[in-house]
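Asker: The sequence shown maps to residues 1 to 205 in the UniProt record's numbering.
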Amino acid sequence: MTMKETIHVAVIDSCEFTMIGLQYLGNREPDAHRDVIFHGFSNIEDFLLSERTWDIVIYDPLNIGSFMITPNEDILRIKEKQPAARIYIYSLSVGFLKFKHVDGVINKRVSLGDIKAMWQILMSQTPKALNHYNVSITTRQRPARLSNEEASVLRGYSCNLKTKQIARQLGCNVRLVYFYKNNAMNKLKAVRGPSFYQSIRWILN
1 MTMKETIHVA VIDSCEFTMI GLQYLGNREP DAHRDVIFHG FSNIEDFLLS ERTWDIVIYD
61 PLNIGSFMIT PNEDILRIKE KQPAARIYIY SLSVGFLKFK HVDGVINKRV SLGDIKAMWQ
121 ILMSQTPKAL NHYNVSITTR QRPARLSNEE ASVLRGYSCN LKTKQIARQL GCNVRLVYFY
181 KNNAMNKLKA VRGPSFYQSI RWILN
């Protein structure tokens, strides 16, 4: 009897429906060669406490329970803890933030068909696979490329924080907070389209 390969997938996302959806997608069709086991974490800190070795880590930097976002620092922390894991960003922030040191980025706005294709690619790129290549599944919208500070400031205002509170959390002065806010709005306006205000809401909420 052939032994099945077990793939452990960590989903770091405070929205539990993300893991439920991915779990359904990953297990809807039985695989004769592998079992895929999902584990959910609401934030990076909880994930880093885990002692398990992970094959795949799926991370949404927007759904972390804090208005401040530091995705590239978080990714490096994940890599330090799980050097063999494949790391993928699955988030509405794809196209608004720039990510480094990841194996792929997938926008949550893509169609179900694209998500199915994404999953097939992820399963072919487990650490035991021979060939790896970067995955990028996005929408046609032009990228805005907000900095972490710019996105964090917008999210801070969406949480009804005052400018001084945001400045204190970011470790900067009030004038710099206004600078980040204006820069963010200008970048978003530069890619303005029918979904301009919806795009802002995705970053904020």
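Cβ coordinates follow ideal geometry from the N, Cα and C atoms, glycine included.
Considering residue 91, what are the terminal residues of the beta strand (DSSP E) in which it resides?
Answerer: Here residue 91 is taken as the residue at index 91 of the sequence shown, counted from 1. 86–91 is the extent of the beta strand (DSSP E) around residue 91.
Asker: How far does the beta strand (DSSP E) with residue 107 in it extend, from its first residue to its last?
Answerer: What you label residue 107 is simply residue 107 of the sequence shown in a count that begins at 1. From DSSP, the beta strand (DSSP E) with residue 107 extends over 104–107.
Asker: Buried or exposed for residue 27, please, with buried defined as at least 16 other CB atoms from any protein chain shown within 10 angstroms of its CB.
Answerer: Numbered from 1 along the sequence shown, position 27 holds the residue referred to as residue 27. By the 10 Å Cβ count, residue 27 comes out exposed.
Asker: Do the stretch 115–125 and the stretch 75–84 touch if we need at least three Cβ pairs shorter than 8 Å?
Answerer: Verdict: no, contact absent.
Asker: Assign residue 133 to buried or exposed, taking buried as 16 or more other Cβ atoms, counted over all protein chains shown, within 10 Å of its Cβ.
Answerer: Residue numbering aside, residue 133 sits at position 133 when the sequence shown is read from its first letter. Annotation note: pLDDT 46 at residue 133 (below 50); position unreliable, no value reported.
Asker: Buried or exposed, going by whether 16 or more other CB atoms sit within 10 Å of the CB of residue 18?
Answerer: Translated into the one-based positions of the sequence shown, residue 18 becomes position 18. Buried, by the Cβ-count rule.
Asker: What runs of the beta strand (DSSP E), each 3 residues or longer, lie entirely inside the stretch 46–70?
Answerer: Runs of the beta strand (DSSP E) inside the stretch 46–70: 56–59.
Asker: Can you pull the DSSP bridge partners for residue 112?
Answerer: In the sequence shown, counting from the first residue as 1, residue 112 sits at position 112. DSSP, once it has assigned bridges, lists no residue as partnering residue 112.
Asker: Report the three-state DSSP secondary structure of residue 31 (helix, strand or coil).
Answerer: For the purposes of this step, residue 31 is taken as residue 31 along the sequence shown, with counting starting at 1. In the structure shown, residue 31 sits in coil (DSSP, three-state: anything other than H, G, I, E or B).
Asker: Quick check on DSSP: helix, strand or coil for residue 154?
Answerer: As a position in the sequence shown, residue 154 is number 154, starting the count at 1. Helix at residue 154.
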